[in-house]
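Undergrad:
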Amino acid sequence: MNAQELNRILNQHALWLRTNGAEGTMANLYGANLEGANLEKANLEKANLEKANLTDAYLYCANLEVANLYGANLKDANLECANLECANLEGANLVEANLERANLVEANLERANLYGANLIGANLEGANLKLANLVYAYLECANLECANLECANLYGANLECANLEGANLERAYLVRANLKDANLSVANLVYANLERAYLVRANLKDANLEGANLTDANLEKANLAGTILEKKETTVSSESNLRAKFDELAKSLGLKIVSLKVEKTIVETIDL
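Going by our numbering, the sequence shown opens with residue 42, and the numbers climb by one from there.
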């Protein structure tokens, strides 16, 4: 797509936004070839960029709030400081893209490929990163509070000083990840793989690590207060069966049970 046609579409889209759809036309760039396009500070709020080719595109400070980027190719794109709040990036290719300080609050990045992407200081609060590829991604000081990283691949990712409070990392792959000084309080790490992860001074207060793999992980000076490491539950087949066994025992001893109280014991947490 040439620059003249792109400018026409952007102008019509701006008018559409300004008049709440009364005038102009919403930008429909489905499958458009925008490789290397200069979209600095462009307003593409609510635009349709599904399966668009934005390889090497320059989107510094662009507004892509609520935009549809499903399956889009953003490899090596510059999205520094871009607004992608609530944007749909499911299945998008963001390999080695620059998303430093980008706003990705509640964005949908399910199955997105963020291999080697720069997300330093990015805001991913409440974002959906389920099954996302974040291998060797840079997430230093990123905000991932309450983000969904279920089954995400974070092998070798740098999460130093990242905020993962309340994040869902169930079954996430964090082998060799750097979580130094990271905040993982109240995080769900059930069955997460943290083999050889670097968790020096990490805050794991009240985190759930049930079934997690911590082989050779470095937890030096980590805060493990209230951390759930395993759940042990003592159960009986049924109260009636237990009562029958006690009645039988009492009968053999010439005794009669007047009342029987059954309690269930669950051991869940440790405090260090």
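A virtual CB, placed ideally from N, CA and C, is assigned to each residue, including glycine.
1) In whole angstroms, what separates the C-alpha of Leu-51 from that of Cys-202?
2) Please report the straight-line C-alpha distance between Thr-66 and Tyr-111, rounded to a whole angstrom.
3) Run through DSSP, which three-state label would Ile-161 get?
4) Rank Glu-121, Glu-106 and Asn-104 by C-alpha distance to the C-alpha of Asp-97 and give the top, closest one.
5) Take the Cβ of Gly-167 as the centre, count every other Cβ of all protein chains shown within 10 Å, and call the residue buried at 16 or more, exposed below.
6) Can you list, in chain order, the stretches of the beta strand (DSSP E) that have 3 or more residues and sit fully within the region 62 to 99?
7) Please classify Asn-139: does DSSP put it in a helix, a strand, or coil?
8) Whose C-beta lies closer than 8 Å to the C-beta of Ala-188 among residues of the same chain, with five residues either side of it excluded?
9) Using 10 angstroms around the beta-carbon of Thr-60, count the other beta-carbons present and answer buried if the total reaches 16, otherwise exposed.
10) Alpha carbon to alpha carbon, how far is Val-231 from Asn-254?
11) Considering only residues of the same chain and omitting the five flanking positions on each side of Ser-278, which have a CB-CB separation below 7 Å?
12) Applying the criterion that 16 or more other CB atoms from any shown protein chain within 10 Å of the CB defines a buried residue, is Glu-141 buried or exposed?
13) How far does the alpha helix (DSSP H) with Glu-46 in it reach, from first residue to last?
14) How long is the line joining the alpha carbons of Glu-131 and Asn-149, rounded to whole angstroms?
15) Tell me Tyr-239's beta-bridge partners as DSSP assigns them.
16) For Tyr-232, name the three-state secondary structure that DSSP assigns.
TA: Straight from the coordinates:
1) 38 Å
2) 20 Å
3) coil
4) Glu-121
5) buried
6) none
7) strand
8) Leu-165, Glu-166, Gly-167, Ala-168, Asn-169, Leu-170, Leu-205, Ala-208 and Asn-209
9) exposed
10) 9 Å
11) Note that Ser-278 scores 43 on pLDDT, short of 50, meaning its location in the model is unreliable; the coordinates nonetheless yield the value given after this. Closer than 7 Å at Cβ, skipping near neighbours: no residue.
12) buried
13) 44 to 59
14) 6 Å
15) Asn-219 and Asn-259
16) coil
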